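Residue numbers (this note's numbering): 21 to 294.
First the structure, in the form of structure tokens, and then the observations on it.
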């Protein structure tokens with residue numbers, strides 16, 4: 021090839037290499053960081069929710085938890101507060117019975133659990149049910165695994181997927197998860213669900229996936245969440261947002277990197293790094 025032709029060709033090749041290098045660097049810069057579903061971040065999420073739901077960082081001690089907290093949802097139980105009134109507790113027991121059909125101490129309560137769904141009734145449940153729940157949690161790893169699986173299916177996995185789709189890091193994904201746990205996905209009995217809370221946030225700020233600023237969008241989401249909580253008498257204390265998630269956001273900790281310090285209901289908590 022004549023030398024005169026080589027020079028333009030060489031220039032084109034060098035420009036192409038430079039473009040590829042820039043694209044690779046840009047892809048690295050814009051690549052999603054470790055999500056909430058990585059083991060370390062998921063453990064942090066479980067502990068944060070437990071601090072709000074059970075006033076303890078020991079979330080694995082909550083498999084056996086069960087009581088009526090007077091919020092109109094009947095019995096609240098397990099690692100994320102499954103409720104007899106909401107129906108998610110019924111799903112846990114149904115899944116457990118499917119996995120352990122014989123000798124299952126909770127199986128006899130299925131008819132009562134179906135009957136009380138949508139109410140705060142204890143009919144057919146009472147102390148016999150709470151004792152059976154605690155026995156299953158203490159004695160059977162399959163029941164604890166069932167709680168994990170239902171938590172992930174109903175709350176954790178959809179929240180993380182939605183957070184990633186909106187371009188959010190670990191903190192935003194956790195904010196979605198915590199909203200799922202407390203409010204559910206859809207509106208119910210006059211209370212706003214996650215879907216409505218997110219819609220309200222998007223009216224105030226663009227999501228990062230749409231080119232918006234992540235911190236601005238998360239502030240809008242937390243504002244909408246607080247408004248939803250204040251409309252429910254049983255959730256009027258907003259500290260799990262204002263003195264926890266908002267603290268991390270104000271510090272610019274969008275990836276929930278420890279050490280983390282926060283308060284819920286006036287109690288102080290800490291997760292150290294390493």
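Beta carbons are placed, not taken as given, at the ideal position from N, Cα and C, and that holds for glycine.
Note that the coordinates shown come from a computational prediction; the quantities given were computed from them, not determined experimentally.
Rounded to whole angstroms, how far is the Cβ of residue 245 from the Cβ of residue 261, which I believe are closer than 8 Å? About 6 Å separates the CB atoms of residue 245 and residue 261; that is less than 8 Å, so the two are in contact.
Measuring straight from C-alpha to C-alpha, what distance separates residue 230 and residue 280? Spanning the alpha carbons of residue 230 and residue 280 requires a straight line of approximately 29 Å.
Out of curiosity, what's the CA-to-CA distance linking residue 154 and residue 148? Here the C-alpha atom of residue 154 lies approximately 10 Å from the C-alpha atom of residue 148.
If residue 55 sits next to residue 240, beta carbons under 8 Å apart, how far is it from one beta carbon to the other, in whole angstroms? Here residue 55 is actually not in contact with residue 240; their C-beta atoms are around 21 Å apart, not less than 8 Å.
From residue 158 to residue 89, what distance separates their C-alpha atoms? Looking at the two C-alpha atoms, the distance is approximately 22 Å.
Beta strand (DSSP E) runs wholly inside the stretch 70-107, at least 3 long, in chain order: As far as the stretch 70-107 is concerned, its whole beta strand (DSSP E) runs of at least 3 residues are 86-88 and 95-97.
Can you tell me whether DSSP reads residue 246 as helix, strand or coil? Helix.
What is the DSSP secondary structure of residue 109, reduced to helix, strand or coil? Reduced to three states, the DSSP call for residue 109 is helix.
Cα-Cα separation, residue 207 to residue 219: If I take the Cα positions, the gap works out to 12 Å.
If we ignore side chains and look at the alpha-carbon of each, how far apart do residue 51 and residue 59 end up? Unreliable placement is indicated for residue 51, whose pLDDT of 40 sits below 50; the coordinate value is still reported in the next sentence. In a straight line, the C-alpha of residue 51 is about 19 Å away from that of residue 59.
Taking all protein chains shown into account, decide if residue 288 is buried (16 or more other Cβ within 10 angstroms of its Cβ) or exposed. Taking every protein chain shown into account, the CB of residue 288 has fewer than 16 other CB atoms within 10 angstroms, so this residue is exposed.
What does the alpha-carbon distance come out to for the pair residue 47 and residue 165? Any reading at residue 47 needs caution, since the residue's pLDDT is 33, under 50, leaving its predicted position unreliable; the model's value is listed next. Going from the Cα of residue 47 to the Cα of residue 165 covers about 38 Å.
How would you label residue 121, buried or exposed, when you count the other beta carbons within 10 angstroms and need 16 or more for buried? Burial call: exposed.
Is residue 287 helix, strand or coil when you go by DSSP? Of the three classes helix, strand and coil, the one that applies to residue 287 here is strand, per DSSP.
Residue of 233, 97, 221 and 128 minimising C-alpha distance to residue 170: Selected option, being the one with the closest Cα: 97.
Taking all protein chains shown into account, decide if residue 285 is buried (16 or more other Cβ within 10 angstroms of its Cβ) or exposed. Exposed.
Other residues of its chain near residue 196: CB distance less than 6 Å, five sequence neighbours each side excluded: Closer than 6 Å at the Cβ level, and outside the excluded window around residue 196, lie 179, 182 and 183.
C-alpha distance - residue 49 paired with residue 67, whole-angstrom precision: Summary for residue 49: the model assigns pLDDT 39, below 50, so the residue's position carries little reliability, and this model does not support an answer.
Segments of 4+ residues assigned as alpha helix (DSSP H) that fall wholly inside the stretch 161-220: The stretch 161-220 contains these whole alpha helix (DSSP H) runs: 161-171, 177-185 and 190-203.
Using 8 Å for Cβ pairs, my map puts residue 213 next to residue 205. What's the rounded Cβ distance? Taking 8 Å as the upper bound for CB-CB distance, residue 213 and residue 205 are in contact here, some 5 Å apart.
Using a Cβ-Cβ cutoff of less than 7 Å, which residues in the same chain neighbour residue 100 once the five nearest sequence positions on both sides are dropped? Counting only Cβ-Cβ distances below 7 Å, and skipping sequence neighbours, we find 69, 73, 171, 175 and 201.
According to DSSP, is residue 126 part of a helix, a strand, or is it coil? Note: residue 126 maps to coil in three-state DSSP.
Assign residue 221 to one of two classes, buried (16 or more other C-beta atoms within 10 Å of its C-beta) or exposed (fewer than that). Buried, since its Cβ has 16 or more Cβ neighbours within 10 Å.
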